[in-house]
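Let me begin by presenting the structure, written as structure tokens, before commenting on it.
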Amino acid sequence: MLALQLHKLTKSFPGVLALDNVDFSLKEGEIHALVGENGAGKTTLIKVVAGIYKPDEGQVSLFEKEIDIKNPNEARSLGISIIHQERNLIPELSVAENIFLDRYPKTRFGTIDWERLYQNAREIIQQLDLDIDVRISASNISIANQQLIEIANALSLDPKILILDEPTSSLTETETKKLFSILKKLKSRNVSMIYISHRLEELYEIADRITILRDGQLINVHDSNKVSKDILVQEMVGRELESRFKTSKREIGEQILEIKDLSWENRLFNINMEFYRGEIVGIAGLIGAGRTELADCIFHAKRNYSGEIIIDNKKGKLKSINDAIDHGISLVTEDRKKLGLVSSMSVGNNITLASLKKISSAGVISRKRNENIVTDIIKQLDIKTPSKEQLVRNLSGGNQQKVVIGKWLSSSFKIIIFDEPTVGIDVGARDEMYQLIDQLASDNFCVILISSDITEIINLSDRIYVMKQGTVSGELPKNSSQEDIMRLAT
Amino acid sequence: MKTLKNKSLDSHPVINFFKRIITSREIGIFLGLVILFIFFSIFSRTFLTVNNLLNITRQVSIIGILSIGMTLAILIGGIDLSVGSVVAFVGVITADMMVSYELSIGLSIVIGLLVGVGIGFINGSLISFFKVPAFIATLGTMTIFRGATFIYTQGRPIYNLPRQFGFIGAGYVGPIPFPTIMFFIVIILASFLLKKTTLGRSIYSIGGNQEAALYSGIPVRRRQIITFCIVGFISALSGVILASRLRSGLPTAGQGYELTAIAAVILGGASITGGVGTVLGTFFGALLIGTLQNGLNLIGVDPFVLELITGIVIVFAVIIDRFKEKGLKLFTE
């Protein structure tokens, strides 16, 4: 019997076809893995099943009955539970409260029946073979246990279908083993599961079938014991490189940045890298590989790292972001709105924000130096704005990104890190961005390009580091293939 | 003729000037002031006289100066509830330096101002290093220094200040009250600070988006501390002027001033969450409150009712301002 069947599912967002006529089936008691690159449509698919998105077209059948899931609550009452990638526990509440969240047992006076709540919670915890005190607050248990509490929460609804979105991304190997034994137990109780993961190896251990999505389309469905990792990677990547961007010929200059044995909290482990002037170094990897954390360490937004970050062969740890900027490091952050721009300030004042020292003497801003820099940058980057007094929040995404870059171009930078520079930017602006990145390397700056778009990495990079789970899993030369990168990243 | 041809009408300096005025945040409060002026001029014969107008600026100067300090605190994304207590504490310290320790007027004032800077430093440190939200940190210091003032004075006012000291709060230069002059000096200096210095830029950026400011290399903590020191200094200045005007150090001085100052800042178009606002706006805000109270007095409104009306005007002004913002957004998008 099929627990779940999706027939010709289509879902589009402005500018993106996230799901394109996708068929998918889940047998009763089956663990069915869903794989694909970032943006392949996996998350959209499960959000449709969980009632978060409404499909534009197509049918959803549950136990061979066609249904229409209107909202997440309805999905839950139909027996569909979802465990999201980000943890959703409320840290101040106890484990038991988190498990039953909005379904506390009541006494006949309408107050919470704590005894019964704890009792019920303990039963579920025991089912999972866990040893956690259900009365302590969720913030006091380990990350892995928090993940398992999420599962306990889902199980408290007695689901028939369980959806897991990258449940192992923050778990260690032993914790993963534990999770798998729990999942297998659930499987034996005929719970059907959709399992999303970037770690292809573990699929052989846990999944019965594997479905590959790419660019919103269904590519293939395999029995997991009959397919090799190479084939999976090939099918995930698939497409030929589109409109290859021609980079200019460059001479690689002297070494400017060296990273030795860098580790940070439990996210980065013994990273060794080197960077030279006049080259674009791509850093590829899947979401959660630790690339943004690495950028934050180089930029000294995170300073509690161990190991060394050596700039221009000068030893000694930098004290602050301010210090890093003085040493020529700049970072175009992934999150423009939160970290890149002060949206209540004008275009001009954003552009000179990182070079206040340059435009002032004794703390007093020179109007002329300020204007010159702003006018130059607006012209150089062709920022489309009615005036430099315009608030930056009124600009388009591409132009906002240019303002962020302009902020660094006006500073005394030597190294520029781009973290996902083309996310949320339209195609035309994208090409402009590529030209700019290429130009910066030709001008003998050191460019570090972090991107989840493999095509982008291949087209632009002179050299590629691939990261996986907080480590460098390999270094690849120019003109490496997508398969090479994906093999190292998964 | 040639120049006219080359320049499009849009960018003509005069038109630009008017455009900027019409779209500026201060326009609403300014129009409110104008309406008040017209209203009171009709109903009171003494309202629109040079003497009374100067009188308003004198009356409003102490709260006005405090409001300028409050503007800085709010712009950087904080708030300073301790300003009223600083007024009292600095007032009694300055007075006591002259009375008990018989220090010169100048030295006593300098000590008073330094005490203000010190309290600002404490506020700034609590906010930047100990990450206490500004509202809570300054609520604490507000209570602490009010208490300290009462302990220091045993609850009794300090009298018998030197006659010359009275000039600061009650003196005149020609026809112009001395506190008015001080008020304008503070306005000019604060405007300069916000518009022309790197500290000013830092204040706007931290208030607008603290994380982005940090990621742009702004030394956020140091800027927060310096800013709160300046706020402390400005509040202390207010305290000295008030002590001089009263010719005594009153432990109850400045109670509730922080709220009036906040009202003036918000009336002036500043965003309570920081990053947006100007000294000019706050000046109009303080003037509006002062004009309202002066005018209502002149037309003989009961002082109890006066308080009520002031409150209503504040609420309405802010509501209108919010609508204006929405309207402008619709207009620009």
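As you go down the protein sequences, you meet chains A and B in turn.
First residue of the first sequence? That's 1 in the working numbering, and the numbers climb one at a time after it.
First residue of the second sequence? That's 1 in the working numbering, and the numbers climb one at a time after it.
Every residue gets a Cβ at the ideal spot worked out from N, C-alpha and C, and that includes glycine.
Is it buried or exposed, N399 (chain A), if we count other Cβ atoms within 10 angstroms and call 16 or more buried?
Translated into the one-based positions of the first sequence, residue 399 (chain A) becomes position 399. N399 (chain A) is buried by the Cβ-count criterion.
Determine the chain D residues that contact S156 (chain A) at a beta-carbon separation under 9 Å, and present them in chain order.
No chain D appears in the structure shown, which is made up of the protein chains A and B.
Between I112 (chain A) and chain B, is any beta-carbon pair separated by less than 7 Å?
As a working mapping, residue 112 (chain A) is identified with position 112 in the first sequence. Judged by the 7 Å Cβ criterion, I112 (chain A) is not in contact with chain B.
Work out the CA separation of F63 (chain A) and G79 (chain A) for me, nearest whole Å.
Here residue 79 (chain A) refers to the residue found at position 79 of the first sequence. Here residue 63 (chain A) refers to the residue found at position 63 of the first sequence. Cα to Cα, the separation comes out at about 11 Å.
Euclidean distance between Cα positions of F180 (chain A) and E202 (chain A):
The residue given as residue 180 (chain A) occupies position 180 in the first sequence. The residue given as residue 202 (chain A) occupies position 202 in the first sequence. Whole-angstrom Cα-Cα distance: 9 Å.
C-beta contact flag for Y204 (chain A) and W264 (chain A) at 7 Å:
Residue 204 (chain A) sits at position 204 when you count from the first residue of the first sequence. Residue 264 (chain A) sits at position 264 when you count from the first residue of the first sequence. W264 (chain A) is positioned such that its CB atom lies no closer than 7 Å to that of Y204 (chain A).
Kindly indicate which residue of B:L306, B:R322 and B:L280 has the alpha-carbon position closest to the one of F30 (chain B).
On the second sequence, residue 30 (chain B) is found 30 positions in, with the first residue counted as 1. For the residues B:L306, B:R322 and B:L280, the minimum Cα distance to F30 (chain B) belongs to B:L280.
Would S235 (chain B) pass as a contact of V92 (chain B) if the rule is Cβ separation under 7 Å?
In the second sequence, residue 235 (chain B) corresponds to position 235, counting from 1. In the second sequence, residue 92 (chain B) corresponds to position 92, counting from 1. No Cβ-Cβ contact shorter than 7 Å links S235 (chain B) with V92 (chain B).
Using alpha carbons as the reference points, say which of B:I63, B:G116 and B:I65 lies closest to F89 (chain B).
Residue numbering aside, residue 89 (chain B) sits at position 89 when the second sequence is read from its first letter. Comparing Cα positions, the closest option is B:G116.
With L504 (chain A) and A154 (chain A) assumed to form a contact (beta carbons below 8 Å), what rounded beta-carbon distance in angstroms separates them?
Because chain A spans 1 through 490 in this model, residue 504 (chain A) falls outside it and cannot be assessed.
I need the DSSP call for E64 (chain A), collapsed to helix, strand or coil.
Reading the first sequence from its first residue, position 64 is the one you call residue 64 (chain A). Residue state for E64 (chain A) is assigned as coil, using DSSP reduced to three classes.
Could you say if the segment 259-271 of chain B and the segment 119-130 of chain B meet the contact criterion of at least three C-beta pairs nearer than 8 Å?
no
Would a C-beta distance cut-off of 7 Å place R414 (chain A) and G328 (chain A) closer than the cut-off?
Along the first sequence, one-based indexing puts residue 414 (chain A) at 414. Along the first sequence, one-based indexing puts residue 328 (chain A) at 328. Before going on, a small fix: residue 414 (chain A) reads as Lys here, not Arg. For K414 (chain A) and G328 (chain A), yes; Cβs fall inside 7 Å.
Please name the residues in the segment 360-388 of chain A whose beta-carbon is closer than 7 Å to at least one beta-carbon of chain B, in chain order.
S360, G363, V364 and I365
Check distances from the C-beta atoms of the segment 335-347 of chain A to those of chain B and list, in chain order, the residues that come in under 8 Å.
K338, L339, G340, L341, V342, S343, S344 and M345
Below-7 Å beta-carbon distance, N304 (chain A) vs any chain B residue:
The residue you call residue 304 (chain A) lines up with position 304 of the first sequence. With 7 Å as the cut-off, N304 (chain A) does not count as an interface residue toward chain B.
Three or more C-beta pairs below 8 Å linking the segment 133-153 of chain A and the segment 165-184 of chain A
yes
Proximal residues of chain B, C-beta to C-beta of N333 (chain A) below 9 Å:
Your numbering for residue 333 (chain A) matches position 333 in the first sequence. Rather than Asn, the amino acid found at residue 333 (chain A) in this sequence is Thr. Simply A212 and Y215.
Which residues mark the beginning and the end of the beta strand (DSSP E) in which E475 (chain A) is found?
The residue labelled residue 475 (chain A) in the question sits at position 475 within the first sequence. Looking at the DSSP string, the run of the beta strand (DSSP E) that includes E475 (chain A) is T471 to P477.
Classify I93 (chain B) as helix, strand or coil using the three-state DSSP reduction.
Taking the first residue of the second sequence as position 1, residue 93 (chain B) is located at position 93. Reduced to three states, the DSSP call for I93 (chain B) is helix.
Can G216 (chain A) and A18 (chain A) be called in contact, C-beta distance under 7 Å?
Locating residue 216 (chain A) in the first sequence gives position 216, counting from the first residue. Locating residue 18 (chain A) in the first sequence gives position 18, counting from the first residue. The answer is yes: Cβ separation under 7 Å.
Measuring alpha carbon to alpha carbon, tell me which of B:V318, B:S202 and B:T143 ends up nearest D80 (chain B).
Along the second sequence, read from residue 1 onward, the residue named residue 80 (chain B) stands at position 80. Per the Cα distances, B:T143.
Would you report the Cα separation of K65 (chain A) and V48 (chain A), rounded to the nearest angstrom?
Position 65 of the first sequence, counting from 1, holds the residue named residue 65 (chain A). Position 48 of the first sequence, counting from 1, holds the residue named residue 48 (chain A). Cα to Cα, K65 (chain A) sits roughly 17 Å from V48 (chain A).
Tell me which residue opens and which closes the alpha helix (DSSP H) that F418 (chain A) is part of.
Stepping through the first sequence from its first residue, residue 418 (chain A) is reached at position 418. Where F418 (chain A) is concerned, there is no enclosing alpha helix (DSSP H), although the beta strand (DSSP E) it sits in stretches over I415 to D419.
When the Cα atoms are used, what is the spatial distance from K229 (chain A) to T211 (chain A)?
If you number the first sequence from 1, residue 229 (chain A) lands on position 229. If you number the first sequence from 1, residue 211 (chain A) lands on position 211. So the two alpha carbons sit approximately 13 Å from each other.
At the level of alpha carbons, what is the spacing between I196 (chain A) and T10 (chain A)?
Along the first sequence, read from residue 1 onward, the residue named residue 196 (chain A) stands at position 196. Along the first sequence, read from residue 1 onward, the residue named residue 10 (chain A) stands at position 10. Cα to Cα, the separation comes out at about 19 Å.
For the segment 315-323 of chain A and the segment 279-298 of chain A, state whether three or more C-beta atom pairs, one from each stretch, are separated by less than 8 Å.
no
With S248 (chain B) and L161 (chain B) assumed to form a contact (beta carbons below 8 Å), what rounded beta-carbon distance in angstroms separates them?
Translated into the one-based positions of the second sequence, residue 248 (chain B) becomes position 248. Translated into the one-based positions of the second sequence, residue 161 (chain B) becomes position 161. Their Cβ separation, rounded to whole angstroms, is 6 Å, which keeps S248 (chain B) and L161 (chain B) in contact under 8 Å.
For the alpha helix (DSSP H) containing S235 (chain B), name the first residue and the last one.
As a working mapping, residue 235 (chain B) is identified with position 235 in the second sequence. Looking at the DSSP string, the run of the alpha helix (DSSP H) that includes S235 (chain B) is V220 to L246.
Can you list the residues of chain A that S205 (chain B) reaches, using a CB-CB cut of under 8 Å?
As a position in the second sequence, residue 205 (chain B) is number 205, starting the count at 1. Within 8 Å Cβ-Cβ: V342, M345, N349 and L353.
For L9 (chain B), does the count of other Cβ atoms within 10 angstroms reach 16, so buried, or fall short, so exposed?
Here residue 9 (chain B) is taken as the residue at index 9 of the second sequence, counted from 1. The pLDDT assigned to L9 (chain B) is 47, lower than 50, so where the model puts this residue is not dependable, and the model offers no usable value.
Under 8 Å Cβ to Cβ from F167 (chain B), same chain only, skipping five residues before and after it: list those, please.
Looking up residue 167 (chain B) in the second sequence gives position 167. Within the same chain, F167 (chain B) has close Cβ partners F178 and S244.
Where M193 (chain A) falls: helix, strand or coil (DSSP):
The residue labelled residue 193 (chain A) in the question sits at position 193 within the first sequence. Strand, per DSSP.
Counting along the chain, where does the beta strand (DSSP E) carrying N220 (chain A) start and finish?
Taking the first sequence and counting its residues from 1, one reaches residue 220 (chain A) at position 220. Boundaries of the beta strand (DSSP E) around N220 (chain A): Q217 to D223.
For the pair the segment 168-175 of chain B and the segment 192-203 of chain B, tell me if three or more CB-CB distances fall below 8 Å.
no
Roughly how many whole angstroms lie between the Cα atoms of F43 (chain B) and G239 (chain B)?
Here residue 43 (chain B) is taken as the residue at index 43 of the second sequence, counted from 1. Here residue 239 (chain B) is taken as the residue at index 239 of the second sequence, counted from 1. So the two alpha carbons sit approximately 34 Å from each other.
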